[in-house]
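Colleague:
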Amino acid sequence: MGSTPVANPSPPRRWRFSRRVVPLAFLALAVIALVAIGVAVVWPSDGADSEWITVARADALAINDPLFVDGDAYVVLLESGEILTLSTIDPHLGCKVGFVPDFTFRDNTGWFRNPCHGELYDLTGVCYVGPCPRGLDRYEVRVRNGDVEVNFKHLTEGPEHATRDPVNLN
Numbered sequence: 006m007g008s009t010p011v012a013n014p015s016p017p018r019r020w021r022f023s024r025r026v027v028p029l030a031f032l033a034l035a036v037i038a039l040v041a042i043g044v045a046v047v048w049p050s051d052g053a054d055s056e057w058i059t060v061a062r063a064d065a066l067a068i069n070d071p072l073f074v075d076g077d078a079y080v081v082l083l084e085s086g087e088i089l090t091l092s093t094i095d096p097h098l099g100c101k102v103g104f105v106p107d108f109t110f111r112d113n114t115g116w117f118r119n120p121c122h123g124e125l126y127d128l129t130g131v132c133y134v135g136p137c138p139r140g141l142d143r144y145e146v147r148v149r150n151g152d153v154e155v156n157f158k159h160l161t162e163g164p165e166h167a168t169r170d171p172v173n174l175n
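For the sequence shown, the numbering used here begins at 6 and goes up steadily by one.
(1) Compute the Euclidean distance between the alpha carbons of leucine 39 and alanine 61, then round it to the nearest angstrom.
(2) So, at 6 Å on beta carbons, what are the nonlocal neighbours of lysine 101 in its own chain, with the 5 sequence-adjacent residues on each side left out?
(3) Which class does aspartate 70 belong to by DSSP, given the choice of helix, strand or coil?
(4) Can you tell me the Cα-Cα spacing of aspartate 95 and leucine 128, whole angstroms?
(5) If I measure Cβ to Cβ from leucine 82 and keep anything under 6 Å in the same chain, skipping five residues before and after, which residues do I get?
(6) How should aspartate 142 be labelled, buried or exposed, when 16 other C-beta atoms within 10 angstroms of its C-beta is the threshold for buried?
(7) Could you check if arginine 111 belongs to the surroundings of the ligand FMN, using beta carbon to heavy atom distance under 8 Å?
(8) Could you pull out every unbroken alpha helix (DSSP H) segment of at least 4 residues lying fully inside the stretch 16-53, listed in chain order?
(9) Would you mind giving the Cβ-Cβ distance between glycine 130 and proline 164, rounded to the nearest angstrom? I have them listed as a contact below 8 Å.
(10) How long is the line joining the alpha carbons of alanine 78 and phenylalanine 31, rounded to whole angstroms?
(11) For glutamate 84, does the count of other Cβ atoms within 10 angstroms reach 16, so buried, or fall short, so exposed?
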């Protein structure tokens, strides 16, 4: 009698995803991503240094020449060596204050000016002209390892108005 032929084993099956598995996998990945983002937002920070943002090198600042940073502030190096970070938002009605370097007033050149109501602020943020309730608000600033760092989460009220008599400015 003859021998009976033996069939070769069938090749291994390729792994195939059903139409339901792929959307479920994407949904699971999206849920994992949302949970990770939620934990990162809610989890307490590891320290106060995470609130400080480096905006410039201290040696790159020019005296009495404000540097516009982050859309919200001006960093000013004064002749005294003090560094201030002034808010760009006018405390009167919230208009954005711009720096006008060639504007001269009271024998000083370079003033911050509110285009909405004409308030004038000097380089320290003190208001000299206009209906401003106080000077420009200030962010906390420090110099660390030659870097100027600003804490945009800590804003203090600006200085008092320079004069309450707008007729007698001299």
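Here a beta-carbon is modelled for each residue, glycine too, at the ideal position from N, C-alpha and C.
Modeller: The short version:
(1) Counting from 1 along the sequence shown, the entry for residue 39 is found at position 34. Counting from 1 along the sequence shown, the entry for residue 61 is found at position 56. If you draw a straight line from the Cα of leucine 39 to the Cα of alanine 61, it is about 34 Å long.
(2) Numbered from 1 along the sequence shown, position 96 holds the residue referred to as residue 101. Listed in chain order, the non-local C-beta contacts of lysine 101 below 6 Å within the same chain comprise Thr93, local neighbours out to five positions each way being set aside.
(3) On the sequence shown, position 65 is the one that residue 70 refers to. DSSP places aspartate 70 in strand when its eight states are reduced to three.
(4) Position 90 of the sequence shown, counting from 1, holds the residue named residue 95. Position 123 of the sequence shown, counting from 1, holds the residue named residue 128. Using only the alpha carbons, I get a separation of about 14 Å.
(5) Here the question's residue 82 lines up with position 77 in the sequence shown. Residues Leu66, Ile68 and Ile88 of the same chain have their beta carbon placed closer than 6 Å to that of leucine 82, with the five preceding and five following residues left out of the count.
(6) Along the sequence shown, read from residue 1 onward, the residue named residue 142 stands at position 137. Buried, because 16 or more other Cβ atoms sit within 10 Å of the Cβ of aspartate 142.
(7) Annotation note on the ligand FMN: not contained in the displayed structure, which lists no ligands.
(8) Correct list: 26-47.
(9) In the sequence shown, the residue the question calls residue 130 occupies position 125. In the sequence shown, the residue the question calls residue 164 occupies position 159. Glycine 130 to proline 164, Cβ: 6 Å. Contact.
(10) Taking the sequence shown and counting its residues from 1, one reaches residue 78 at position 73. Taking the sequence shown and counting its residues from 1, one reaches residue 31 at position 26. Rounded to the nearest angstrom, the two C-alpha atoms are 42 Å apart.
(11) On the sequence shown, residue 84 is found 79 positions in, with the first residue counted as 1. With fewer than 16 other CB atoms across the displayed protein chains lying within 10 angstroms of its CB, glutamate 84 is exposed.
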